[in-house]
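Notes to accompany the following structure.
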Amino acid sequence: MTYAQRLSIIVALDSYLILVAVFFGFQFVQEAALTVYTFEMLVISSLSLLIGHHLFSYVFHVYKQVWAYTGVRELFSLMKTFACSFLFSMTMLYIFVQTWPFRFLFIVWLFHVLFIGASRMASRLFHDGAKRFQVEKERALIIGAGSAGTIIVRQLQQSSDVHIEPVAFIDDDKTKHKLEIMGLPVLGGKEHIQTAVAMMDIQKIIIAIPSKSSHTLKGLYKECVATGIKTQIMPEMEQILKGTHALNQLRDVQP
């Protein structure tokens, strides 16, 4: 699908959802007998919200984002679009009708956020669901729930070319135990490696601790190799910073 075709579909879908949001907002305030709104106010509200949404979606590059890989940055851009389109709609109403139907606009804005946000999340969920039906992947245990570990997990989750599925973390930081990071549980410290391998049908271990001392890593290597599972390690941080190795360039650990 070309960019123009994709843009046309998204603009049409967003326009439809905005009009539905206005309709639901109107029905809500009418049934609640909050106040009576004129046809002129409804038309201006609809048009200003449509124009504002598309204008600020362009300004904040919302239409250029691939929502199958939704992250914090994409959500922040979308929230800025919601906020600015709401203020734009209020400004247009004040200019043309000399009033601020704040309650009505706020309800419409809530539906606006709900419908548009749900459409973006549906794209992400569809993408994640489709990946589960692809070729079977190796279940991987990630050693290290720090920044390096989370980056590797993100790359593995988003890549359709690498047949590795991260399923859990191991980390010696007790404050992370029993928590979830990027949807994966932190099972415990290195003493839980063999238990995790047996319980979760682990087929690969990835050590994502690039800055540990060699002495510390030796004990970790022994724990991993003792499981009999293929173990790989990411490059040292110095090699990553120099650009001689990529973060996801793993190397095998020999027993």
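If you read the sequence shown in my numbering, its first letter stands for residue 2, the second for the next number, and so on.
Here a beta-carbon is modelled for each residue, glycine too, at the ideal position from N, C-alpha and C.
Note that the structure is a prediction, hence the values are computed from the model and not measured.
1) For Ala169, does the three-state DSSP call read helix, strand or coil?
2) Spatial neighbours of Gly244 within its chain, please: C-beta separation below 8 Å, excluding the five flanking residues on both sides.
3) When the distance is taken between beta carbons, is Ala227 closer than 7 Å to Gly150?
4) Comparing alpha-carbon positions, which option in Tyr222, Glu166, Gln233 lies nearest Asp202?
5) For Val187, which three-state DSSP category applies?
6) Does DSSP classify Ala141 as helix, strand or coil?
7) Using a Cβ distance threshold of 8 Å, determine whether the region 168 to 176 contacts the region 103 to 117, with at least three qualifying pairs required.
8) Can you tell me whether Ala141 is buried or exposed, with buried defined as 16 or more other CB within 10 angstroms of its CB?
9) Can you say whether Ile19 is buried or exposed, counting buried as having 16 or more other CB atoms within 10 angstroms of its CB?
10) Go through its chain and collect everything with a Cβ distance to His54's Cβ below 7 Å, but skip five positions before and after it.
11) For Gly220, count the other beta carbons within 10 Å of its own beta carbon; 16 or more makes it buried, fewer makes it exposed. Which is it?
12) Would you mind reading off the limits of the alpha helix (DSSP H) that contains Lys81?
13) To the nearest angstrom, report how far apart Ala199 and Arg74 are at their CA atoms.
14) Given a cut-off of 7 Å on the beta-carbon distance, is the pair Glu139 and Lys205 in contact?
15) Look at the Cβ atom of Ile194, then the Cβ atom of Ala146, and state whether they are nearer than 7 Å.
16) For Lys205, list the residues DSSP reports as bridge partners.
17) Could you give the C-beta distance for Leu126 and Val154, rounded to a whole number, given that I count them as a contact under 8 Å?
18) So is Leu180 buried or exposed if we call it buried at 16+ other beta carbons inside 10 Å?
19) According to DSSP, Glu41 sits in a beta bridge with which residue or residues?
20) Could you give the DSSP three-state label for Ile182: helix, strand or coil?
21) Sorted by chain position, which residues of the same chain lie with C-beta nearer than 8 Å to Lys177's C-beta, five sequence neighbours on each side aside?
22) Among Met91, Gln158, Leu76, whose alpha-carbon lies nearest the alpha-carbon of Arg121?
23) Rounding to the nearest angstrom, what Cα-Cα distance links Ile152 and His164 in this structure?
24) Can you look up Val63 in the DSSP assignment and give me helix, strand or coil?
25) Does the separation of the CB atoms of Ala22 and Phe97 fall below 7 Å?
26) Measure the C-alpha to C-alpha separation of Ala5 and Leu79 and round it to an integer number of angstroms.
By the coordinates alone:
1) For the purposes of this step, residue 169 is taken as the residue at position 168 of the sequence shown. In the three-state reduction of the DSSP assignment, Ala169 falls in the strand class, which pools E and B.
2) Stepping through the sequence shown from its first residue, residue 244 is reached at position 243. Unreliable positioning characterises Gly244 in this predicted model, as indicated by a pLDDT of 45, which lies under 50. The coordinate reading is nonetheless provided below. There are no such residues.
3) For the purposes of this step, residue 150 is identified with residue 149 of the sequence shown, where counting begins at 1. For the purposes of this step, residue 227 is identified with residue 226 of the sequence shown, where counting begins at 1. In this structure, Ala227 does not lie closer than 7 Å to Gly150 by Cβ.
4) As a position in the sequence shown, residue 202 is number 201, starting the count at 1. Among Tyr222, Glu166, Gln233, the Cα nearest to that of Asp202 belongs to Glu166.
5) Sequence index remark: in the sequence shown, residue 187 carries index 186 (1-based). Strand at Val187.
6) Sequence index remark: in the sequence shown, residue 141 carries index 140 (1-based). Three-state DSSP puts Ala141 in a strand.
7) no
8) Residue mapping note: residue 141 aligns to position 140 of the sequence shown, counting from 1. Per the 10 Å Cβ criterion, buried.
9) Position 18 of the sequence shown holds residue 19. By the 16-neighbour rule on beta-carbons within 10 angstroms, Ile19 is buried.
10) Mapped onto the sequence shown, residue 54 falls at position 53. Within the same chain, His54 has close Cβ partners Asp15, Ile19, Thr82, Ser86.
11) Here the question's residue 220 lines up with position 219 in the sequence shown. Under this definition Gly220 is an exposed residue.
12) Within the sequence shown, numbered from 1, the residue matching residue 81 stands at position 80. First-last of the alpha helix (DSSP H) with Lys81: 73 to 98.
13) Stepping through the sequence shown from its first residue, residue 199 is reached at position 198. Stepping through the sequence shown from its first residue, residue 74 is reached at position 73. For the pair Ala199 and Arg74, the Cα-to-Cα distance works out to about 37 Å.
14) Here the question's residue 139 lines up with position 138 in the sequence shown. Here the question's residue 205 lines up with position 204 in the sequence shown. Yes, these two residues count as a Cβ contact at 7 Å.
15) Your numbering for residue 194 matches position 193 in the sequence shown. Your numbering for residue 146 matches position 145 in the sequence shown. Going by C-beta atoms, Ile194 is not nearer than 7 Å to Ala146.
16) Translated into the one-based positions of the sequence shown, residue 205 becomes position 204. Paired residue(s): Ala141, Lys231.
17) As a working note, residue 126 is residue 125 in the sequence shown. As a working note, residue 154 is residue 153 in the sequence shown. Rounded, the Cβ-Cβ distance is 18 Å, inconsistent with contact.
18) In the sequence shown, counting from the first residue as 1, residue 180 sits at position 179. Exposed: under 16 other Cβ atoms inside 10 Å.
19) Your numbering for residue 41 matches position 40 in the sequence shown. Answer by DSSP bridge pairing: none, since Glu41 is not bridged.
20) By 1-based counting over the sequence shown, the position of residue 182 is 181. Three-state DSSP puts Ile182 in a strand.
21) By one-based count along the sequence shown, residue 177 stands at place 176. Ala146, Phe170, Val187.
22) Position 120 of the sequence shown holds residue 121. Checked all of Met91, Gln158, Leu76; the closest Cα to Arg121 is Leu76.
23) What you label residue 152 is simply residue 151 of the sequence shown in a count that begins at 1. What you label residue 164 is simply residue 163 of the sequence shown in a count that begins at 1. So the alpha carbons of these two residues sit roughly 16 Å apart.
24) The residue given as residue 63 occupies position 62 in the sequence shown. DSSP places Val63 in helix when its eight states are reduced to three.
25) Here the question's residue 22 lines up with position 21 in the sequence shown. Here the question's residue 97 lines up with position 96 in the sequence shown. No, the Cβ-Cβ distance between Ala22 and Phe97 is not below 7 Å.
26) As a first step, residue 5 is located in the sequence shown; it is residue number 4 there, counting from the start. As a first step, residue 79 is located in the sequence shown; it is residue number 78 there, counting from the start. If you take the alpha carbons of Ala5 and Leu79, they lie about 20 Å apart.
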